[in-house]
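Under our numbering, the final residue of the sequence shown carries the number 183; numbering is consecutive throughout.
Glycine included, every Cβ here is placed at the ideal spot set by N, Cα and C.
All of these numbers come straight from a predicted model, not from anything done at the bench.
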Amino acid sequence: MTRELTCIVCPMGCGLKVELDNDKIVSVSGNTCPRGKQYAINECTDPQRTVTTTMRCDGGVVSVKTDHTISKDKIFECMTIINSYFAPLPIHIGDVIIKDIFGANIVATQNKEAAWTIN
Ligand code: SF4
65 MTRELTCIVC PMGCGLKVEL DNDKIVSVSG NTCPRGKQYA INECTDPQRT
115 VTTTMRCDGG VVSVKTDHTI SKDKIFECMT IINSYFAPLP IHIGDVIIKD
165 IFGANIVATQ NKEAAWTIN
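This is how it looks when you write it as structure tokens:
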């Protein structure tokens, strides 16, 4: 079986062909650098993704992402955990909001300041 992929490691977007024999990788072609070959191997054995989403916080939502890729199979569980949290303010870009979900931290990608009211 041949699987065709587009490498997303860099903007070149090389077309990759992976020859598989009963889920075993026989060969990878089309890559113009070793990173493409590694991407193809990962994609066929344990595809990984960065999760970007929003999380509830005081006054609305804040944008967040995983600081490392996680297994594609774990994205739904990761989202369930993120959706169960409520982030306290203030939040600054890069703050770790949740530690170690499947090996990745959930970090803020947006600043949110506390809204103060003076009476
Ligand atoms: S194979 Fe190499 S050059 Fe081609 S898209 Fe992937 S990383 Fe970029």
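Chain-order list of residues whose beta-carbon lies under 6 Å from that of residue i (same chain, five-residue window excluded)
i, result
"Ser91", "Glu83"
"Arg120", "Phe150"
"Ala178", "Leu153, Pro154"
Proximal residues to residue i (C-beta, below 8 Å), its chain only, five neighbours per side dropped
i, result
"Ala172", "Val126, Ser127, Val128, Ala151, Ile155, His156, Ile157, Gly158, Asp159, Ile161"
"Asp85", "Met65"
Cβ-based neighbour list, residue i, same chain, cut-off 7 Å, excluding 5 preceding and 5 following
i, result
"Asp110", "Ser135"
"Lys101", "Val92, Asn95"
"Pro75", "none"
"Val73", "Arg99, Gly100, Tyr103"
"Leu69", "Leu80, Val82, Ala104, Glu107"
"Lys176", "Cys121, Val126, Leu153, Pro154, Ile155"
Residue i versus residue j: straight-line alpha-carbon distance, rounded
i, j, result
"Val115", "Glu141", "11 Å"
"Cys78", "Asp164", "33 Å"
"Thr66", "Gly124", "46 Å"
"Asn147", "Cys97", "38 Å"
"Lys81", "Thr117", "31 Å"
"Asp122", "Ile139", "25 Å"
"Phe166", "Gln174", "22 Å"
"Asp87", "Asp137", "17 Å"
Cβ-Cβ separation, residue j to residue i (assumed contact under 8 Å), whole Å
i, j, result
"Gln112", "Thr133", "4 Å"
"Ala104", "Asp131", "That pair is no contact at about 24 Å."
"Cys108", "Ile89", "6 Å"
Below-9 Å beta-carbon distance, residue i vs any chain D residue
i, result
"Pro98", "No chain D appears in the structure shown, which is made up of a single protein chain."
Closer than 5 Å to ligand 1: residues, by C-beta to nearest heavy atom, in chain order: Those residues whose C-beta sits under 5 Å from the nearest heavy atom of ligand 1 are, from N- to C-terminal order along the chain, Cys71, Val73, Cys74, Met76, Cys78, Asn95, Thr96, Cys97, Arg99, Gly100.
Complete beta strand (DSSP E) runs within the segment 90-176 (minimum length 3 residues, chain order): The segment 90-176 contains these whole beta strand (DSSP E) runs: 116-121, 124-130, 160-165, 168-172.
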